[in-house]
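Read through the structure below, which is laid out as C-alpha cells, and then see the notes.
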Amino acid sequence: MAGGFEAAEVKELRKIYRLKTSLKKVAEVRAIDGIDLKINKGEVVGLLGESGSGKTTLGKILVGIEKPTSGEVRLFGTSAEEFLKSNRKSVQMIFQNPDTSLNPKMKVGDTLREALEAGGRVGSKDEIKELLEMVELDPKYIDYYPSQLSGGQKQRVAIARALAVKPSIIIGDEIVSALDATVKVQILSLIQELQRELGFTMLFISHDLPITRAVSNKIAVMYLGKIVEILEPRDLIEDPLHPYTRHLLTSLPSIYLKGLSLDGKRLKLKELQTPPPAAGCKLQSICPFASEKCAHENPPAVKVGGDHVVFCHLYSKN
Ligand SMILES: Nc1ncnc2c1ncn2[C@@H]1O[C@H](COP(=O)(O)OP(=O)(O)O)[C@@H](O)[C@H]1O
Ligand code: SF4
Ligand SMILES: [Mg+2]
Numbered sequence: 019m020a021g022g023f024e025a026a027e028v029k030e031l032r033k034i035y036r037l038k039t040s041l042k043k044v045a046e047v048r049a050i051d052g053i054d055l056k057i058n059k060g061e062v063v064g065l066l067g068e069s070g071s072g073k074t075t076l077g078k079i080l081v082g083i084e085k086p087t088s089g090e091v092r093l094f095g096t097s098a099e100e101f102l103k104s105n106r107k108s109v110q111m112i113f114q115n116p117d118t119s120l121n122p123k124m125k126v127g128d129t130l131r132e133a134l135e136a137g138g139r140v141g142s143k144d145e146i147k148e149l150l151e152m153v154e155l156d157p158k159y160i161d162y163y164p165s166q167l168s169g170g171q172k173q174r175v176a177i178a179r180a181l182a183v184k185p186s187i188i189i190g191d192e193i194v195s196a197l198d199a200t201v202k203v204q205i206l207s208l209i210q211e212l213q214r215e216l217g218f219t220m221l222f223i224s225h226d227l228p229i230t231r232a233v234s235n236k237i238a239v240m241y242l243g244k245i246v247e248i249l250e251p252r253d254l255i256e257d258p259l260h261p262y263t264r265h266l267l268t269s270l271p272s273i274y275l276k277g278l279s280l281d282g283k284r285l286k287l288k289e290l291q292t293p294p295p296a297a298g299c300k301l302q303s304i305c306p307f308a309s310e311k312c313a314h315e316n317p318p319a320v321k322v323g324g325d326h327v328v329f330c331h332l333y334s335k336n
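Using our numbering, the first residue of the sequence shown is number 19, and each one after it goes up by one.
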C-alpha cells in the first residue's frame, strides 16, 4: 500500500534483554531480532507464534512500555517517541489476564471514570454507561468490584477501559486465551464488531491459529524474535510456505478445516535446541531443508505474490 496509510511501522527492530546469570556472566535474550512490519490504518494484523517468540515484547514497544535496543518505530508517520509524547493514550494494550490488569480495589465505574478522565473526558455516569453498553455489560456493574465478575466480564471491562480514551491502535495480547471456549467466541465477536464500528487499527497477538485466522486481515508469523512469514489468513491453509508456518498447522484440529485439505502442507519440526543460533536462520538445527547457507546467512524477505512474504532461503532465487 502507498505511503501515508501506515498506523504503525517497525524497521530493523531489535530488543535484546541482558540477564545476569552469575557474577561474571551475562546472558542475552534476543526477544526481537531484526524485524520489519507495517500495520495499515484500520487493519487487524494477527501476530501468531508460540510462547517466547517475542510477540508481547513487540506489543509493549509499540505502546511505549518497552524501549527498543535498536531500529525504528513509527506511529502514523512520526517517530513513536515523538508521537507518544503528545498522544500517550492513542495506543492501548489489552492483556491476557484482567486479574492483573484491573485494580481489584476499584469498582468498575471508578476504573472507567479514571480512564475517561485520562482521555480528556468528564467521566460522567452517562459516559460510563455508554462504555458499558459498548461492551455489552449491564449498567449495574458500575458498582461491582472485579472479584465479583466472571473472567469474560472482566475482559469486557478491560476492553471498555481501553476504548474510553478513543484509541487509534489497540494491541490485544492473548485477550481470549484465558477464557472458556464459549466466552472466547463472545469476546472475539465483540472485538470484531467494535473494530468494524469504530475503525481502530489492531495488532491481535495470539498463539492460537484458528482464532488469529478468524479475526485478522493479515498475519505475521513469528518465531524466536523473527518474522518468518507474512500472509493472508486464507493462505495459512491454502498456501503456507515457511517450514515453521507449516509446523504450526500440525496442531490444527481437522474439525476446523471444513473441506479444506492440508495434504502435504503440514511439517512436524523437532523441539528447538537451545540456545538458538546467533547467525543464520533460527530454525537451522531443526529444519529438514536446512542448507549450508541457512547456517551463515539471515534468510531474506522473498515476495511470493501479492503481500505474501516468506523469510526462507528455500524461496530465494540467489
Ligand atoms: N523483561 C524481560 N527480561 C528478560 N527477558 C525477557 C523479558 N521479557 C521477555 N523476555 C524474553 O524475551 C523472549 C520473548 O518474550 P515475549 O515477548 O514475552 O514472547 P511471547 O509473547 O511471544 O511469548 C522470551 O525468551 C522471554 O523470556
Ligand atoms: S532458511 Fe533454511 S533453515 Fe531456515 S527455514 Fe528456510 S530452509 Fe529451513
Ligand atoms: Mg506473550
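For each residue, glycine too, the CB sits at the ideal point set by N, CA and C.
For residue i, tell me which candidate among the options has the shortest Cα-Cα distance.
{"i": "TYR159", "options": "ASP128, GLU132, GLY137", "result": "ASP128"}
{"i": "LYS56", "options": "LEU332, GLU135, VAL28", "result": "VAL28"}
{"i": "GLU24", "options": "SER97, ASP51, TYR35", "result": "SER97"}
{"i": "LEU275", "options": "VAL44, LYS300, PRO258, PRO228", "result": "PRO228"}
{"i": "GLU310", "options": "GLU148, CYS299, ILE177", "result": "CYS299"}
{"i": "VAL201", "options": "GLU154, ILE188, PRO318", "result": "GLU154"}
{"i": "LYS107", "options": "ALA133, GLU90, THR87, GLY89", "result": "ALA133"}
{"i": "ARG264", "options": "ASP156, GLN173, ARG131, VAL328", "result": "VAL328"}
{"i": "LEU242", "options": "LEU31, SER71, SER40, ASP54", "result": "SER71"}
{"i": "ARG337", "options": "HIS326, ALA178, GLU30, SER40", "result": "Because the chain in this structure spans residues 19 to 336, residue 337 falls outside the shown range and cannot be described."}
{"i": "ALA308", "options": "LEU332, ASP325, LYS143", "result": "LEU332"}
{"i": "PRO86", "options": "GLU192, LEU287, ILE53", "result": "ILE53"}
{"i": "LEU208", "options": "LYS73, ASP191, ALA178", "result": "ALA178"}
{"i": "VAL194", "options": "ILE188, GLU250, LEU206", "result": "LEU206"}
{"i": "THR268", "options": "GLU68, LYS33, LEU212, ILE188", "result": "GLU68"}
Quick one: what does DSSP say residue i is sitting in, helix, strand or coil?
{"i": "SER88", "result": "strand"}
{"i": "TYR35", "result": "strand"}
{"i": "LYS276", "result": "coil"}
{"i": "THR292", "result": "coil"}
{"i": "ALA133", "result": "helix"}
{"i": "GLU315", "result": "coil"}
{"i": "GLY77", "result": "helix"}
{"i": "MET152", "result": "helix"}
{"i": "ARG174", "result": "helix"}
{"i": "ALA232", "result": "helix"}
{"i": "ILE209", "result": "helix"}
{"i": "TYR241", "result": "strand"}
{"i": "GLY67", "result": "coil"}
{"i": "GLU61", "result": "coil"}
Does the beta carbon of residue i sit closer than 8 Å to a beta carbon anywhere in chain C?
{"i": "ALA136", "result": "Judged by its chain identifiers, the structure shown contains no chain C, having just a single protein chain."}
Is it the case that the CB of residue i approaches a heavy atom of ligand 2 more closely than 7 Å?
{"i": "LEU285", "result": "no"}
{"i": "ALA180", "result": "no"}
{"i": "LEU301", "result": "yes"}
{"i": "HIS260", "result": "yes"}
{"i": "ALA296", "result": "no"}
{"i": "PRO317", "result": "yes"}
{"i": "LEU242", "result": "no"}
{"i": "HIS326", "result": "no"}
Where residue i and residue j are concerned, what is the direct C-alpha to C-alpha distance, given to the nearest angstrom?
{"i": "GLY21", "j": "PRO122", "result": "Note that GLY21 scores 45 on pLDDT, short of 50, meaning its location in the model is unreliable; the coordinates nonetheless yield the value given after this. Spanning the two alpha carbons is a distance of roughly 44 Å."}
{"i": "SER279", "j": "ILE273", "result": "11 Å"}
{"i": "GLY94", "j": "GLY60", "result": "The displayed chain sequence assigns Phe, not Gly, to residue 94. Roughly 12 Å separates the two Cα atoms."}
{"i": "GLU100", "j": "VAL109", "result": "13 Å"}
{"i": "ILE50", "j": "GLY77", "result": "11 Å"}
{"i": "LYS125", "j": "GLU151", "result": "17 Å"}
{"i": "LEU37", "j": "ALA45", "result": "5 Å"}
{"i": "LYS147", "j": "ALA176", "result": "15 Å"}
{"i": "LEU290", "j": "SER334", "result": "24 Å"}
{"i": "GLU135", "j": "LYS143", "result": "12 Å"}
{"i": "ALA313", "j": "ALA319", "result": "16 Å"}
{"i": "GLN210", "j": "LEU41", "result": "49 Å"}
{"i": "ALA102", "j": "TYR163", "result": "According to the sequence provided, residue 102 is Leu. The question's Ala does not apply to it. The straight-line gap from Cα to Cα measures roughly 31 Å."}
{"i": "THR230", "j": "VAL322", "result": "22 Å"}
{"i": "LYS346", "j": "LEU301", "result": "Residue 346 lies beyond the residue range present for the chain, which begins at 19 and ends at 336; the question has no answer from this structure."}
{"i": "LEU259", "j": "CYS330", "result": "9 Å"}
Consider the C-beta atom of residue i and the heavy atoms of ligand 1; say whether any pair is separated by less than 7 Å.
{"i": "VAL91", "result": "no"}
{"i": "LYS73", "result": "yes"}
{"i": "SER69", "result": "yes"}
{"i": "LEU37", "result": "yes"}
{"i": "ALA238", "result": "no"}
{"i": "VAL47", "result": "yes"}
Compute every distance between the C-beta of residue i and the non-hydrogen atoms of ligand 3, then say whether any falls below 7 Å.
{"i": "THR96", "result": "no"}
{"i": "ASP128", "result": "no"}
{"i": "GLU250", "result": "no"}
{"i": "GLU84", "result": "no"}
| message | Check whether the region 80-87 and the region 250-267 are in contact - that is, three or more C-beta pairs closer than 8 Å. | response | no
| Would the region 211-231 and the region 291-299 be scored as touching if the rule is three or more Cβ pairs under 8 Å? | no
| Is the number of C-beta pairs between the region 165-176 and the region 99-118 that are closer than 8 Å three or more? | Using a C-beta cut-off of 8 Å, the region 165-176 makes contact with the region 99-118, since at least three inter-stretch Cβ pairs fall below that distance.
| task | Report yes or no: do three or more beta-carbon pairs, one from the region 175-190 and one from the region 139-150, lie closer than 8 Å? | result | The region 175-190 is in contact with the region 139-150.
| query | Are three or more beta carbon pairs between the region 61-72 and the region 231-238 nearer than 8 Å? | reply | yes
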